[in-house]
Amino acid sequence: MPKLNIAIKPPLEIANLAIKISENLSKKFSTEFVLDGINCHPHITVYSANYSAQDVGFIKRTEEILENFNDNINFIYAGVSLERGYLGVEFKLTIKIKQLHEVLTRELSLLREEDDIFDYGIKLSKEEKYNVQKYGYPSAGILYHPHLTITRFTESVIKEKLNWNIEKFEATKVGIYIMGKNGTCAELHKDILIKNTP
Numbered sequence: 103m104p105k106l107n108i109a110i111k112p113p114l115e116i117a118n119l120a121i122k123i124s125e126n127l128s129k130k131f132s133t134e135f136v137l138d139g140i141n142c143h144p145h146i147t148v149y150s151a152n153y154s155a156q157d158v159g160f161i162k163r164t165e166e167i168l169e170n171f172n173d174n175i176n177f178i179y180a181g182v183s184l185e186r187g188y189l190g191v192e193f194k195l196t197i198k199i200k201q202l203h204e205v206l207t208r209e210l211s212l213l214r215e216e217d218d219i220f221d222y223g224i225k226l227s228k229e230e231k232y233n234v235q236k237y238g239y240p241s242a243g244i245l246y247h248p249h250l251t252i253t254r255f256t257e258s259v260i261k262e263k264l265n266w267n268i269e270k271f272e273a274t275k276v277g278i279y280i281m282g283k284n285g286t287c288a289e290l291h292k293d294i295l296i297k298n299t300p
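Residue numbers (this note's numbering): 103 to 300.
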């Protein structure tokens, strides 16, 4: 059974910037993946766990939650992180982002059909293992931090500066993705509009 990722789809300007940075870094360093918007999609994970891509109940419940949420999501730049080889752009955990993560985690974790056996390619902490058992997602709850992963280095990189010059942006879509290796979003399964903007 595949692992599905419910993630915010960044607007085109943000996605293109992330892809450009990822491509440039792959020319400078050895990396596990390169964002391209086709087989490796820029995304900001909200929740992920093991579900069948044909699970109508899961899809329907996700849509219901997002319909009730009914509001666009604003992201505010908070810095750059480099952890376990993953380089990402961090965003502030606003009240709305936290609420969306909490309701999706609470409601959808109840619909899981099997335990999480996904290979994250990292050694999980005690807290992350607990989250995997309870929710199917290692970064659930207090460990959740909204971020957009740019790439993962295969070599040791202590620090790398990113030319990220966008302080704020608004997102209007959520994607349900089939996850690939290294936590990437390999295939877009379904698009969901958060709010019908004028």
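The beta carbon of each residue, even a glycine, is placed where N, CA and C say it ideally should be.
In this text, all values refer to a predicted model and were calculated from it rather than measured experimentally.
With fewer than 16 other Cβ atoms inside 10 Å of its own Cβ, residue 158 counts as exposed. Restricted to the region 196–274, the beta strand (DSSP E) segments that are unbroken, complete and at least 3 residues in length are 249–254, 270–273, listed in chain order.
In the three-state reduction of the DSSP assignment, residue 107 falls in the strand class, which pools E and B.
Looking from the CA of residue 165, the closest CA among 187, 109, 232, 240 belongs to 109. Around the beta-carbon of residue 114, fewer than 16 other beta-carbon atoms lie within 10 Å, marking it exposed. In its chain, beyond the 5 residues on either side, 120, 123, 124, 127, 137, 189, 190, 191, 264 have a beta carbon closer than 8 Å to the beta carbon of residue 252. Setting aside the 5 residues that flank it on each side, residue 181 is surrounded in the same chain by 192, each with a C-beta closer than 6 Å to its C-beta; the list follows chain order. By the CB criterion at 7 Å, residue 150 and residue 105 fall inside the cutoff.
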